[in-house]
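If you're matching positions, the sequence shown starts at 18 in the numbering used here and goes up one per residue. Every residue gets a Cβ at the ideal spot worked out from N, C-alpha and C, and that includes glycine. Just so it is clear, the structure is predicted and the values come from calculations on it, not from any experiment. Scroll down for the structure; my scribbles are underneath it.
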Amino acid sequence: MTDDSASRQVSRRRVLSAGGAALGGLTLGGASVVAQSDNGGGNARSYRVTVTNLTQGQPFTPPAVAVHRPSVEVFAVGDEANEPTRQIAENGNLDPLVGLIEATNAIRGAAVGEGPVVPKADPGNTGHPYYRELHIEADASARYLTFISMLIATNDGFVGLDTVPLPQESNSSVTYYANGYDAGTEQNTERFEDLVPPAKTLILGGEAEGTTESNPDIAEDGVITPHPGIRGTGNLPQAVYDWDEPAAVVQVERL
């Protein structure tokens, strides 16, 4: 695997910004993040996180990864989605998550991939990779990792890991399998017009169709649950966009 050296890292005393890739009206990867200012007692550690898409037809938005203390919980099955999770799941919007990172001292480091992660076969012939490598630095108080990325061809789906342990020894690694979740904030209409534009262009090609804004007419007041997949109720071809779990594999290495 090659290093996604363009991933944006959020670490102590560092500010990074990148423009991202605009696809069909949705900006994938553009964010500016201000890091926390203290070093948590030193003992800096470096991690390499590799996120691989295992689906046959579900592209992901740029993966967002945070390393943090145990008090942080970005999302949890059975709970209502917070605003950062809702915005990622519905619109692929990273800005609220960036704000959460900036405001949360217990998040000791974070990184966001530079572009989308498509299925290995790249059915839309996009040239985008099926994995992304991200590098994160954090102090020793960060002992957990959270990962989240939008399942682009869904109304409010995302793939993620909720507060999993980081490897503690140097030159060690741990592998996690990540499932898809439904944020419970929007009905699963499975219609291109209700999804973000890259849902079509990244997989089927052609002209973009969809929206980058939430539609209040299809809002839902639910909780986060395992995603049911694509059921064929709208105009998304189920044979193309449905997936088997796990949706992703995440390898975390302490360097």
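Taking C-alpha positions only, residue 241 is separated from residue 99 by approximately 10 Å.
With contacts defined as CB atoms closer than 8 Å, residue 195 and residue 264 qualify as a contacting pair. Beta bridge pairing from DSSP links residue 103 with no other residue. For the 8 Å CB-CB criterion, residue 109 and residue 176 do not form a contact. Within the model, the alpha-carbon separation for residue 132 versus residue 186 is close to 30 Å. In this structure, the alpha-carbon of residue 165 lies about 9 Å from that of residue 92. Inclusion of residue 250 and residue 207 in the CB contact set at 8 Å is warranted, their separation being smaller than that value. Leaving aside the five residues that flank residue 73 on each side, the residues in its chain whose CB is nearer than 6 Å to its CB run, in chain order, 136. Here residue 87 is exposed. Its C-beta has fewer than 16 other C-beta atoms within 10 Å.
One alpha carbon belongs to residue 270, the other to residue 60, and they sit about 17 Å apart. Taking one beta carbon from each stretch, the segment 208-227 and the segment 178-193 have fewer than 3 pairs nearer than 8 Å; the two do not touch.
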